[in-house]
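Accompanying notes for the structure given below.
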């Protein structure tokens, strides 16, 4: 089962404000428009990024092989193929991320950061409660790209549906799987899950 044809592709520029970490403070159709809007809010030199935003309609539930290998789940779930990119070296790795509305941030096993050359020890430390219980790790900057699929479990590495450039995401040594949570991803989208049909949709606001 592939993607529905009911997808809308759009691109925009956004400004991240240093006052609030990685919070998006302005968005628009051009760099000049975004800079103007950010300046009006008191952000003189915001970080500007280019986003690709494609509405994902009726994306099929998936059971990634890596989930079965570690005994995490034997049922199909709302998962997306995620390409993690080191923003300095552009080295990449692809993992499956579970869409999790209970996760406050995007959460990845530390091994994936190491695989693309991110020095986790230099990240911002965090130790506290998570959706899976107490957890220690570090927030590190990386690019996230949501990839398309051709058929069930077959990733289309040539199609990036959503681009989330250079934001902080949480990496933990004890994380069993990757989670796509609220901050840095779901906060900018409307998520609809149809469990009887085993499909889900993610539409930009």
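In the working numbering, the protein residues as written are -7 to 197.
Even glycine gets a Cβ: it sits at the ideal position worked out from N, Cα and C.
Buried versus exposed call for residue i [16 or more other C-beta atoms within 10 Å across all chains shown]
i           : result
residue 117 : exposed
residue 199 : Here the chain covers residues -7 to 197 and nothing more, so residue 199 does not appear.
residue 130 : buried
residue 69  : buried
residue 109 : exposed
residue 162 : buried
residue 146 : exposed
residue 32  : exposed
residue 27  : buried
residue 34  : exposed
Selected residue, minimal CA-CA separation from residue i, among the options
i           : options           : result
residue 96  : 185, 160, 29, 197 : 160
residue 84  : 106, 66, 98       : 106
residue 157 : 185, 177, 167     : 177
residue 71  : 150, 28, 104, 141 : 141
residue 240 : 31, 48, 167       : The structure shown does not extend to residue 240, since the chain is modelled only from -7 through 197, so no value can be given for it.
residue 99  : 185, 164, 30, 27  : 164
residue 179 : 186, 34, 132, 94  : 94
residue 155 : 111, 79, 132, 25  : 79
Rounded Cβ spacing between residue i and residue j (contact assumed at less than 8 Å)
i          : j           : result
residue 46 : residue 153 : 4 Å
Beta-carbon spacing of residue i, residue j below 8 Å
i           : j           : result
residue 183 : residue 174 : no
residue 75  : residue 137 : yes
residue 134 : residue 77  : yes
residue 113 : residue 119 : no
residue 170 : residue 101 : yes
residue 50  : residue 191 : yes
residue 197 : residue 181 : yes
residue 168 : residue 62  : yes
Any non-hydrogen atom of the ligand PLP within 7 Å of residue i CB
i          : result
residue 66 : As for the ligand PLP, it is missing from this structure, which has no ligand bound.
(message) Across the segment 41 to 61 and the segment 87 to 95, are there enough close Cβ pairs to call them in contact, namely three or more that are closer than 8 Å?
(response) yes
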